[in-house]
Amino acid sequence: MSRFVLITANTDFERRVRMATVGMPGSLQYFQADYLPQGPEEVLRQLLGEPPEVFILGPGLPADDALKFAAVMDLQYPEISMILVAGESSEVAIQAMRAGVRDLLDPTAEVDHIRVIVERASLASAGRRRGLAPSSSEHHEHSAGGRIIAVISPKGGVGKTTVATNIAVGLGKFAPMGVVIVDLDLQFGDVASGLMLEPEHTITDAVVGAASQDSMVLKTYLTVHPGGIYALCAPKNPVEMDRISGENVSHLLSQLRQEFQYVVVDTAPGLGEHVLATLDMASDAVWICGMDVPSIRGLRTGNQILAELNLLPDRRHVVLNMADRKSGLTLQDVEATIGAPVDVVLPRSRTLPFSTNKGVPLLQDGTRDPATKGLRQLVERFKPNWEERPHKKLHRRAVVQ
């Protein structure tokens, strides 16, 4: 059958879509036209087999006609995902969302970006065919939304961003386009550089105006990464941090978890307003700890404070980064001090920080490194079929003072 259907008179855009869908299962049916029929039936009658998964309304079609066509399609064939090719406009985005359009695509989009959007739409269509809610992503864990994974550390310089980007890329391998990473280090966030991205929009744009009201608009502010994930990067100017409140963060995460299976949040060091707002929403907390006394003591203190505030997520994962026997401390020392077992150990590695500086996470390029195994173990803990082991309480005497 024709898995994808494209209607447009723009042959250059047709060429890019054809290149983007090369290698995907199914085929592309192209209708060269600058108008739309009265209803979907006229198009579907010309196709063999079952209805397609994705309809792409390309550039050159009258906007009003495209929106009406999408609305009828959504009503009669909700299992088919609609993609509208249109210039970036909040008004158009809102109208498109109301018409049931799955995603907006810029007419000048490159092949890689087109592929990402088409794959996401195809996954959504597959989810609907299996009986999921039409407005939900295929990857939703349950009706309340996806998992919010907060990557936290009381101290800076422990590799928090490196771990967060690897978690996101690792999850993206089995939940393509079902993962978004949010950079909540609003002053000095490094997710953009850690993923080699140049975002057109940042989190500042996402928490104000139409984006805060409509998920379709919000999606247009996300940056697509080649690893099959989305990113919402930190403000370009640290001063913009003052425009973002804890309430803004809570609302943003609530929006994102309704659209994605996994929302990975790279937080700022410490336990500021934005971190606490994240933890209040989070289903998982990933504690990053270096193998040094200040970092270990910071984790212990932070854990105690959050327990008193009742802000500790039920699922916690302790990651010991830069583990080195030559540091003068042992794994047992660390566990005794923090009062909990270390779940994942990442040995000291030259490749891991280099990969972050290069903008290509270790789990993206597949480089063999001692830390790769630990990162994969960490990602495995978030898969739906992973049964979390209960944390045992340790009663050893603390040895790090």
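Residue numbers (my numbering): 1174 to 1574. Glycine residues also receive a C-beta, built at the ideal position from the N, C-alpha and C atoms.
In terms of Cβ geometry, PHE1177 and GLY1199 form a close pair [threshold 8 angstroms].
Boundaries for VAL1533: no beta strand (DSSP E) harbours it, and the DSSP string shows neither H nor E there.
Listed in chain order, the alpha helix (DSSP H) runs fully inside the region 1409 to 1469 are 1419 to 1430, 1446 to 1454, counting runs of at least 4 residues. In the structure shown, ASP1497 falls within a coil segment according to DSSP collapsed to helix, strand and coil.
Short of 8 angstroms from the beta carbon of ALA1193, and not among the five residues preceding or following it, lie these beta carbons of its own chain, in chain order: VAL1284, ASP1285, ILE1287, ARG1288, VAL1291. MET1369 and VAL1438 have their alpha carbons spaced roughly 17 angstroms apart. Distance from the Cα of ASP1363 is smallest, within the candidate group GLY1319, GLN1431, GLN1428, THR1529, for THR1529.
In the DSSP annotation of this structure, PHE1555 is not part of any alpha helix (DSSP H), being labelled neither H nor E. With contact defined as three or more Cβ pairs closer than 8 angstroms, the region 1318 to 1337 and the region 1432 to 1446 are in contact. ARG1293 carries a helical assignment under DSSP once its states are collapsed to helix, strand and coil. Under the criterion of beta carbons closer than 8 angstroms, GLU1214 and SER1295 do not qualify as touching, at roughly 22 angstroms.
Between ALA1384 and GLN1505, the alpha-carbon positions lie close to 47 angstroms from each other. Nearest C-alpha to ASP1487 among PRO1251, MET1495, ASN1476, THR1338: ASN1476.
Excluding its 5 nearest sequence neighbours in each direction, LEU1391 has C-beta neighbours in its own chain below 7 angstroms: ALA1379, ALA1384, GLN1428, listed in chain order. A distance below 8 angstroms between beta-carbons, with the five flanking residues on each side excluded, links THR1540 to the following residues of its chain, in chain order: THR1524, SER1528. By alpha-carbon distance to ILE1461, the top candidate from ARG1498, ILE1469, ARG1189 is ILE1469. Beta bridge pairing from DSSP links PRO1198 with no other residue.
The Cβ atoms of PHE1186 and GLY1260 do not sit closer than 8 angstroms to each other. Here ASP1453 really is in contact with SER1423; their C-beta atoms are around 7 angstroms apart, less than 8 angstroms. For the pair ALA1480 and THR1451, the Cα-to-Cα distance works out to about 15 angstroms. In this structure, DSSP gives GLY1231 a state outside helix and strand, which the three-state scheme calls coil. Between PRO1408 and PHE1361, the C-beta gap is not smaller than 8 angstroms, which leaves the two residues out of contact. With 16 or more other Cβ atoms inside 10 Å of its own Cβ, LYS1333 counts as buried. Cα atoms of ILE1253 and ILE1229: separation of roughly 10 angstroms, rounded to the nearest angstrom. DSSP lists ILE1180 as the bridge partner or partners of PHE1204. Cα atoms of GLN1249 and GLY1273: separation of roughly 11 angstroms, rounded to the nearest angstrom. Residue pairing of VAL1397 in beta bridges, as defined by DSSP: TYR1403. By the beta-carbon neighbour count (other beta carbons within 10 angstroms, threshold 16), ASN1483 is exposed.
Assignment of beta-bridge partners to ALA1239 by DSSP yields no partner.
Within the DSSP secondary-structure output, PRO1520 pairs in a beta bridge with ALA1496.
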